[in-house]
């Protein structure tokens, strides 16, 4: 039950090690706190193994790479050794060879629990190269009711090949391992006009995975529903004159106030 | 018409490559989304040429320099080669030799479409050295009704010497090439109590330049009016107990909701 | 009087040089502006001496270390030479050897006016090693009414050993030099669910120290009360549906609007 997944995050208070970009890092930290976890950020190679050790899981986000690639690998190997869940967010994969190759290499070197990106980024990784336009999904790649069957088949195949769960975010979210796919219809299109809602989801998802070991697919799906539902609830609090900056606050606030029951009732998904 | 400049940003959805500081980067991303553009941040030398290539223009902001100087130069040369507009924001020029010299060198090595800074920073660049106090303009440098004629003459001369448009922000904004100067009286003094309204303007201005090629001076002036007018509109939504943190949100929200007509009516400027 | 401490910040407009983490840096900048100061961020070794020279004081925060350690040392030595106040925020000391040793080394090499951290971080520094869980204080370390006497004795001893003021934040804040301890009961527990309220306090405290030279202990205590009281005032403005993201804005807004008289009346402290 999704209710239990969220309740366990609140009870467990998971520590999340984030190696993430400097663009959206503050919102990632606040949403992890909002859902009941505790964030720590470190991309310094001298300390990442120790930081990962005191945490329960690792969130790797390649939004701004800088000197962090060796630290990502080192922290990831340590997390694997400790049996901690690892999430990778392939921000902008396809926009540069460095991004695409970094993620493909991390997928080869590490046991990754979830790859959480937009559908264009996931397609880039499946093909090994790509044409993503910046950090937003390409309209041509969008998962729609019309191409849903083939999209579900695609994410299952990718999940099988890479031996990971894939969480492809968009108007319709797909969260899938090789055999089962959650098709999720929470959220609002206006969330795409805020920087970092995807990054936030990856951070929060890591907290859900830590608190729900052995139940990774449902944990990833329930985190996705939590984010989407927070987007719906947050929108209801939009006042006259408000736009994307206030909407960002309302969404994190909605995560902060969300109860397990509210999630259970508001989650809109089917399993394929 | 300023209305057309904003409308074209909304229609065009320009991708902006930002090499910018880690202090205000989140707000820069959100304001670019608010005006209708899409931001991508990268200062990694291995990928900046590719990132600039998928984008339509480049915003270079020296607020925190780190290892990014060679990346700024490399991205800038590529943007020039592709005919993309380049904006430089000389944050804190004058506060250190490194900042002053970095900007002067970029101005020498690159074709820069707009230098967008506060008046103290611009004066520092004109003199080749400076005494800026931190990142805020010196009161003694302020453009006022009393020194307006000489200030207009100064920015025209600087624009001519550097073969660029200069957008000097303050209580009165001056946006000028060698021959024409927009004197803009939008905005509120309380905007100076928020970190990064200048950085936000530079990011948004790059989006305006991309969507209005061949019309750079009007694009830069209309972006300046958009920011100032958003400051006026945002202030009207200030509630009891609110201060600079909420004001920041209201301003970005006002950009998000601004229509071309609203800009056309609210823009306060004269041409000299 | 605490009233005078805040009023002097507003009159003086102190420039604060911050070498701080990229997670909470935007909020640190905005809270420094809110209290009447002006922030500049630089961790680039080539310029930190010049930046520190144009500023009135230095705030060193080790939340994300990167390449900044040599810059911290260089800026700190220059600040010492100039007689500027120096604040150190030992974020996550105990979570890695690098963090613990970096702070201990800075304390050995520099004259530090205030160490401002949570009680677990301070205990780690006193012992020379630690077991902090991430960046939040350990429940077992919390200062309570039951252990208040020994906690006060502990911070006085640490302050004496390190020849610094210590400001240990928590449900009860202790701000002490070797002889006098302010025991402060402002604030709300929900502040711990926002990332960076501690970092904000360290930045604001540096502004208070600059504007109140020769009165460091009272300056540090009044900054601590200002932050806690802002947490109380900000909470009153929480609307239906709001959570930690909006609370962050309300707190900075409350600092922005706080008067010296409001601080004087709202400060809850005793001296031991």
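Chains as they are written, first to last, in our numbering: chain R, 1 to 272; chain X, 1001 to 1272; chain G, 2001 to 2272. Just so it is clear, CB atoms sit at the ideal spot from N, CA and C, and this is done for glycine as well. As the structure is a prediction and not an experimental result, all values here were calculated from the model.
Cα-Cα separation, residue i to residue j
i: residue 3 of chain R; j: residue 2190 of chain G; result: 23 Å
i: residue 2223 of chain G; j: residue 2177 of chain G; result: 15 Å
i: residue 2116 of chain G; j: residue 1005 of chain X; result: 49 Å
i: residue 2193 of chain G; j: residue 8 of chain R; result: 18 Å
i: residue 18 of chain R; j: residue 1272 of chain X; result: 52 Å
i: residue 2030 of chain G; j: residue 1246 of chain X; result: 11 Å
i: residue 1155 of chain X; j: residue 1128 of chain X; result: 15 Å
i: residue 2248 of chain G; j: residue 2168 of chain G; result: 21 Å
i: residue 144 of chain R; j: residue 2042 of chain G; result: 46 Å
i: residue 2197 of chain G; j: residue 149 of chain R; result: 47 Å
i: residue 2028 of chain G; j: residue 2204 of chain G; result: 8 Å
i: residue 2073 of chain G; j: residue 2109 of chain G; result: 8 Å
i: residue 2118 of chain G; j: residue 94 of chain R; result: 42 Å
i: residue 2107 of chain G; j: residue 1258 of chain X; result: 51 Å
i: residue 2050 of chain G; j: residue 2012 of chain G; result: 21 Å
i: residue 135 of chain R; j: residue 122 of chain R; result: 12 Å
i: residue 1022 of chain X; j: residue 1270 of chain X; result: 35 Å
i: residue 202 of chain R; j: residue 32 of chain R; result: 10 Å
i: residue 254 of chain R; j: residue 36 of chain R; result: 13 Å
i: residue 1112 of chain X; j: residue 2092 of chain G; result: 42 Å
i: residue 102 of chain R; j: residue 52 of chain R; result: 20 Å
i: residue 55 of chain R; j: residue 39 of chain R; result: 9 Å
i: residue 225 of chain R; j: residue 265 of chain R; result: 11 Å
Integer Cβ distance of residue i from residue j, believed to fall under 8 Å
i: residue 217 of chain R; j: residue 165 of chain R; result: 6 Å
i: residue 76 of chain R; j: residue 104 of chain R; result: Incorrect: roughly 14 Å between the Cβ atoms, too far for contact.
i: residue 2026 of chain G; j: residue 256 of chain R; result: The pair is not a contact, with the Cβ atoms about 20 Å apart (cut-off 8 Å).
First and last residue of the uninterrupted alpha helix (DSSP H) at residue i
i: residue 152 of chain R; result: 148–162
i: residue 1070 of chain X; result: 1069–1082
i: residue 1227 of chain X; result: 1216–1236
i: residue 101 of chain R; result: 97–109
i: residue 1021 of chain X; result: Careful: residue 1021 of chain X lies outside any alpha helix (DSSP H) and carries neither H nor E.
i: residue 2261 of chain G; result: 2260–2266
i: residue 2041 of chain G; result: Residue 2041 of chain G -> not in any alpha helix (DSSP H); beta strand (DSSP E) instead, spanning 2038–2041.
i: residue 62 of chain R; result: No alpha helix (DSSP H) holds residue 62 of chain R; DSSP gives it neither H nor E.
i: residue 1184 of chain X; result: Here residue 1184 of chain X belongs to no alpha helix (DSSP H); instead the beta strand (DSSP E) covers 1181–1184.
i: residue 11 of chain R; result: 2–12
i: residue 1045 of chain X; result: No alpha helix (DSSP H) contains residue 1045 of chain X, which DSSP labels as neither H nor E.
i: residue 2252 of chain G; result: 2244–2257
Chain R within 8 Å of residue i, Cβ atoms only
i: residue 2107 of chain G; result: no
i: residue 1009 of chain X; result: no
i: residue 2242 of chain G; result: yes
i: residue 1257 of chain X; result: yes
i: residue 1091 of chain X; result: no
i: residue 1080 of chain X; result: no
i: residue 1051 of chain X; result: yes
i: residue 1265 of chain X; result: no
N- and C-terminal bounds of the beta strand (DSSP E) containing residue i
i: residue 49 of chain R; result: Looking at the DSSP string, residue 49 of chain R is not in any beta strand (DSSP E); the run it does join, the alpha helix (DSSP H), is 48–54.
i: residue 2169 of chain G; result: 2165–2169
i: residue 1175 of chain X; result: 1173–1176
i: residue 1118 of chain X; result: 1114–1118
i: residue 2210 of chain G; result: No beta strand (DSSP E) holds residue 2210 of chain G; the alpha helix (DSSP H) holding it covers 2197–2211.
i: residue 2194 of chain G; result: It is not in any beta strand (DSSP E) - residue 2194 of chain G carries neither H nor E in the DSSP assignment.
i: residue 270 of chain R; result: 269–271
i: residue 1138 of chain X; result: Unbroken run through residue 1138 of chain X: none, as it is neither H nor E.
Any C-beta of chain X under 8 Å from that of residue i
i: residue 2172 of chain G; result: no
i: residue 2194 of chain G; result: no
i: residue 2022 of chain G; result: yes
i: residue 2085 of chain G; result: no
i: residue 95 of chain R; result: yes
i: residue 125 of chain R; result: no
i: residue 128 of chain R; result: no
i: residue 136 of chain R; result: yes
i: residue 202 of chain R; result: no
i: residue 249 of chain R; result: yes
i: residue 2039 of chain G; result: yes
Cβ of residue i within 8 Å of any chain G Cβ
i: residue 1145 of chain X; result: no
i: residue 33 of chain R; result: yes
i: residue 237 of chain R; result: yes
i: residue 212 of chain R; result: no
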